[in-house]
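Numbering (mature numbering (1 follows the signal peptide of the UniProt record, and there is no 0)), first residue to last: -22 to -1, 1 to 439. Every residue gets a Cβ at the ideal spot worked out from N, C-alpha and C, and that includes glycine. Written out below as structure tokens is the structure these notes cover.
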């Protein structure tokens, strides 16, 4: 008889797998740990039961942003703290998304939990089921907050049955980045990137030289999910896991097979460059002219432009020839409100989240990091207009998001074992590039995902 592992042990295994794989949010630098751990010791002790009259309500904000992301968060938090005299937010770096979530499991649902926790998008299903959080919809309804001011295609990922469970924060999507100089040299129009799988295959053949591959894609499940979704394909059953707990992977159907055959064709033709699972490696390959076209995060556009000694183009991700482009699924992370903490701390957290969504703050976040502004009014701020005038590539990323057709495919899948499923896709891609049959390796990945979902559903609280 198959032994069923406990829910706690299962999740520790899943998190361990995730740590060993590529970071889920699509921006490689933001999950690196700094040399020192700046986690506040306050989170290890017991918080005071209440706040004395006249004192500020102090809350903790756990996040996984390092580098420029952390610098921007610190500046935004400082701005909020100085904007009023009732609340004080303490932003605390907790390591990677996986490390932060592991720490949250130790205090989740208690008064010692941080008021706000940043969690990667594939942790959404887990957080909803965890019992650790208060749905964001509660505060939206109580405050009559106008959600229509925020980007609908970003909100949709974090909505379940019409209710918003967390506040979107660092949101990104994939784009195709290409070398305009290489296009010119190959006789291709540098202002018109290929749009379909067959067009990419043809362009890759023309761009291929002894020193440069035509196309590449990081060996990472997120890109596969996006190429399935833009065809209108679902990742799992139960309406992509949104009408109930998913029990069967669907990504090995026609849409997923289209993606694997697309990659297999170029790999066998020698026009596909395999640069592995490391974001820095594929980005360096592009900047040094080793590949002419590749897929990256929208938050990687600024770095691509900065580091390349040639003119850089940005385009929508490609889609299968026989289907209409549906668009992209949001990646990144969102902010979750803790359950079990003092009511005044929840109030402070809600006020901070509202501050985060203002156009001015979102404009700063967008320009500092390259992430989307969750409030589109930010794009009307003069500093954003000036930046877009200098770098029109940024506008392409926003256009692709806003052109996305709302639906179950582009809303994104919800499964609690997403990190493990993504690792199954990584293995399938690696086997594909070694010459194995596309359908065979996809079916194997689907079987692994099905087993993980079965265990998770049986051990669900």
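Only counting the same chain, and skipping five residues up and downstream in sequence, which positions put a Cβ closer than 7 angstroms to that of residue i?
i           : result
residue 46  : 346, 347
residue 331 : 145, 313
residue 190 : 160, 267, 268, 269, 270
residue 25  : The predicted position of residue 25 is uncertain, since its pLDDT is 45 and thus under 50; no value can be drawn from it.
residue 354 : 129
residue 416 : 235, 238, 239, 242, 410
residue 403 : 199, 202, 423
residue 349 : 148, 149, 150, 277, 310, 343
residue -3  : Confidence at residue -3 is low in this model, with a pLDDT of 38, below 50, so its placement is unreliable and the value that follows should be read with caution. Cβ within range, chain order: n/a, list empty.
residue 85  : 91
residue 295 : 152, 153, 154, 204, 205, 208, 273, 306
residue 408 : 197
residue 373 : 366
Can you tell which of the options has the C-alpha that lies nearest to the C-alpha of residue i?
i           : options            : result
residue 297 : 273, 163, 322, 216 : 273
residue 363 : 249, 341, 381, 382 : 341
residue 412 : 391, 214, 254      : 254
residue 42  : 54, 76, 61         : 76
residue 58  : 115, 329, 374, 405 : 329
residue 193 : 209, 149, 251      : 251
residue 211 : 54, 365, 300       : 300
residue 279 : 245, 37, 310, 369  : 369
residue 63  : 35, 87, 246, 85    : 35
residue 311 : 295, 155, 277      : 277
residue 260 : 213, 205, 176, 154 : 154
residue 124 : 336, 170, 60, 428  : 336
residue 117 : 321, 180, 373, 256 : 321
residue 401 : 219, 104, 100, 372 : 100
residue 258 : 248, 197, 295, 326 : 197
residue 119 : 104, 107, 141, 379 : 141
residue 179 : 432, 433, 244, 371 : 244
residue 83  : 98, 105, 65        : 105
residue 94  : 107, 327, 378      : 327
residue 262 : 174, 157, 352      : 157
How should residue i be labelled, buried or exposed, when 16 other C-beta atoms within 10 angstroms of its C-beta is the threshold for buried?
i           : result
residue 199 : buried
residue 109 : exposed
residue 221 : exposed
residue 5   : Its pLDDT being 42, under 50, residue 5 is placed unreliably in this model, and the coordinates cannot settle the point.
residue 361 : exposed
residue 149 : buried
residue 275 : buried
residue 74  : buried
residue 454 : Limits of the chain in this structure are -22 at one end and 439 at the other, which puts residue 454 out of reach.
residue 226 : exposed
residue 60  : exposed
residue 152 : buried
residue 358 : exposed
residue 302 : exposed
residue 247 : exposed
residue 384 : exposed
residue 33  : exposed
residue 169 : exposed
residue 19  : Residue confidence is low: residue 19 scores 35 on pLDDT, short of 50, so the model does not pin down where it sits. Its coordinate-derived value is still stated next. So residue 19 ends up on the exposed side.
Return the chain-ordered list of same chain residues with a C-beta closer than 8 angstroms to the C-beta of residue i, the five sequence neighbours on each side being excluded.
i           : result
residue 112 : 315, 316, 317, 324
residue 49  : 346
residue 217 : 386
residue 52  : 69
residue 72  : 17, 40, 41, 42, 78, 81
residue 406 : 238, 419, 420, 422, 423
residue 126 : none
residue 388 : 131, 134, 207, 208, 304, 305, 306, 307, 382
residue 102 : 135, 136, 143, 144, 312, 392
residue 249 : 179, 182, 183, 185, 186, 191, 192, 193
residue 428 : 225, 226, 227
Among the residues of its own chain, which have a CB less than 6 angstroms from the CB of residue i, if the five just before and after it don't count?
i           : result
residue 286 : 265
residue 55  : 67, 69
residue 195 : 201, 273
residue 333 : 58
residue 282 : 155, 290
residue 371 : 279, 292
residue 379 : 131, 151
Do we get a CB-CB distance below 8 angstroms when we pair residue i with the residues of chain B?
i           : result
residue 266 : Protein chains in the displayed structure number just one, and chain B is not present.
Evaluate contact between the segment 414 to 429 and the segment 223 to 237, counting only Cβ atoms and requiring at least three cross-stretch pairs below 8 angstroms. In the pairwise beta carbon analysis, the segment 414 to 429 is classified as touching the segment 223 to 237: at least three pairs are separated by under 8 angstroms.
Scan the segment 131 to 203 and note each continuous alpha helix (DSSP H) run of 4 residues or more that stays entirely inside, going in chain order. For the segment 131 to 203, the full-length alpha helix (DSSP H) segments reaching 4 residues or more read 158 to 163, 175 to 185 along the chain.
Contiguous beta strand (DSSP E) assignments of at least 3 residues, all confined to the segment 295 to 363: Within the segment 295 to 363, the complete beta strand (DSSP E) runs of at least 3 residues fall at 309 to 316.
Only counting runs of 3 or more residues, tell me where the beta strand (DSSP E) segments fall wholly within the segment 218 to 291, in order along the chain. Every beta strand (DSSP E) stretch that sits fully inside the segment 218 to 291 and reaches 3 residues is listed by chain position as 269 to 275.
Of all the alpha helix (DSSP H) runs that stay within the bounds of the segment 50 to 91, which reach a length of 4 or more residues? Those alpha helix (DSSP H) runs which fall completely within the segment 50 to 91 and span 4+ residues are 75 to 85.
Between the segment 175 to 190 and the segment 391 to 406, are three or more C-beta pairs nearer than 8 angstroms? Contact between the segment 175 to 190 and the segment 391 to 406 is absent, with fewer than three C-beta pairs closer than 8 angstroms.
Taking one C-beta from the segment 163 to 180 and one from the segment 130 to 144 each time, how about it: are there three or more such pairs within less than 8 angstroms? Below 8 angstroms, too few C-beta pairs join the segment 163 to 180 and the segment 130 to 144 to call them touching: fewer than three.
Taking the runs of the alpha helix (DSSP H) that are 4 residues or longer, which of them lie wholly in the segment 358 to 411? Correct list: 360 to 368, 371 to 380, 386 to 389, 396 to 411.
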